[in-house]
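Novice:
Numbering (the numbering used here), first residue to last: 976 to 1342.
As structure tokens, then:
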């Protein structure tokens, strides 16, 4: 019988476990799925996956980034440093500082995973069984790129994380998270200068949870994108969430002006820290002695084809870059795209069982 118990929230050195679904009853080859949230919505938004964990032989670990419930807050000194980098004049030194700030985020995730493996007797990766699938949703995908960017520089000790991690998923990642420029005439509420800051956040919550009828992005490029007008049916996910749902799954403080989210985004976008993580994370780096480059880890771009325009577009431009780089003989990671048909940016809330299937699938599409 499936266990309904979950381990209580714990703290890693910096990141925090919001919820751990526990070991599937009687299983010795389960897969641990580590879920990293995006902007504003923390990992409670993944809670609807929990009832399906045992059925799919998975242990789900809902992880909160810093400044979110159960995780360590950024110190005043750390936030001041992010603000300094974000406001610094463009220079090679500023770019290096932005890169270092994002590498620190990757190291936080690495340390969290290592600490978890050391504490928990989880199965190692064995083909398509066991091991760890680590997933970053939306802005959280930057933490996955940052993790991949730093692994080759960390000598492994007695516990080798490379023996556990078998798949890294950038789940519905935006083009912004990989440092690409937007197409002309595109729209994003957070950058709408006609709105006040509270209006931007309110508009964003509805816009980002809508369903959009895009055309064939792969054939027609940016002309196929629907930038603004969500479908009325299905209605945006946020419009169907209760006040209690929103209170449980969101945090306001990190996303306010001067909060850690906009500061990290400024360092990532304006100072090119996110572009650097894409460049170092999606391309294999020569490992230092005793380290692994994780060349065996499968990188999946899981995109929802009715999501906001940023995510199918982001998947397209990243995949095209990597395909061209492969043709040019560059050392590119093993990257593939998986299309999640009929899903919006909140597929884990609206269709949780299908989302878990999409996380685990070896196919190129799930409907």
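We put the beta carbon where it would ideally sit given N, CA and C, even for glycine.
Report the rounded CA-to-CA distance for residue 1319 versus residue 1018, giving the unit in angstroms.
Specialist: 17 Å
Novice: Short check: CB of residue 1146 to CB of residue 1111, under 8 Å?
Specialist: yes
Novice: Tell me which residues share the same chain as residue 986 and place their Cβ nearer than 8 Å to its Cβ, disregarding the 5 neighbours each side in the sequence.
Specialist: In this predicted model, residue 986 has a pLDDT of only 44, less than 50, meaning its place in the structure is not dependable; the value taken from the coordinates is given anyway. Answer for residue 986: 992, 1045, 1046, 1047, listed in chain order.
Novice: To the nearest angstrom, how far is the alpha carbon of residue 1263 from that of residue 1053?
Specialist: 28 Å
Novice: Apply the 10 Å Cβ neighbour rule to residue 976 and answer buried if 16 or more other Cβ atoms are within range, or exposed otherwise.
Specialist: Below a pLDDT of 50, predicted positions are generally treated as unreliable, and residue 976, at 32, falls in that range; no measurement from the model is reported.
Novice: Would you kindly work out how many angstroms separate the C-alpha atoms of residue 1125 and residue 1142, rounded to a whole number?
Specialist: 16 Å
Novice: What residue does the alpha helix (DSSP H) around residue 1117 start on, and which one ends it?
Specialist: 1116-1125
Novice: Given that a residue counts as buried once 16 or more other Cβ atoms are within 10 Å of its Cβ, and exposed if not, what is residue 1166?
Specialist: exposed
Novice: Using the rule of at least 16 other Cβ atoms within 10 Å of the residue's Cβ for burial, across every protein chain shown, is residue 1015 buried or exposed?
Specialist: buried
Novice: Buried or exposed: which applies to residue 1290, given that a residue is buried once 16 or more other Cβ atoms fall within 10 Å of its Cβ?
Specialist: buried
Novice: Since I believe residue 1152 is in contact with residue 1117 (beta carbons under 8 Å), could you give me their beta-carbon distance rounded to a whole number of angstroms?
Specialist: 5 Å between Cβ atoms; contact.
Novice: Work out the CA separation of residue 1226 and residue 1043 for me, nearest whole Å.
Specialist: 7 Å
Novice: In whole angstroms, what separates the C-alpha of residue 1137 from that of residue 1115?
Specialist: So the two alpha carbons sit approximately 21 Å from each other.
Novice: In the segment 998-1077, which residue ranges form an unbroken beta strand (DSSP E) of at least 3 residues, counting only runs that do not cross its ends?
Specialist: 1006-1011, 1033-1039, all fully within the segment 998-1077.
Novice: Pick helix, strand or coil for residue 1112, following the three-state DSSP scheme.
Specialist: strand
Novice: Confirm, please, whether the CB-CB distance from residue 996 to residue 1040 is below 8 Å.
Specialist: no
Novice: Thinking C-alpha only, which one of 1132, 1284, 1128 is nearest residue 922?
Specialist: No information on residue 922 is available, as it lies outside the stretch 976 to 1342 that the chain covers here.
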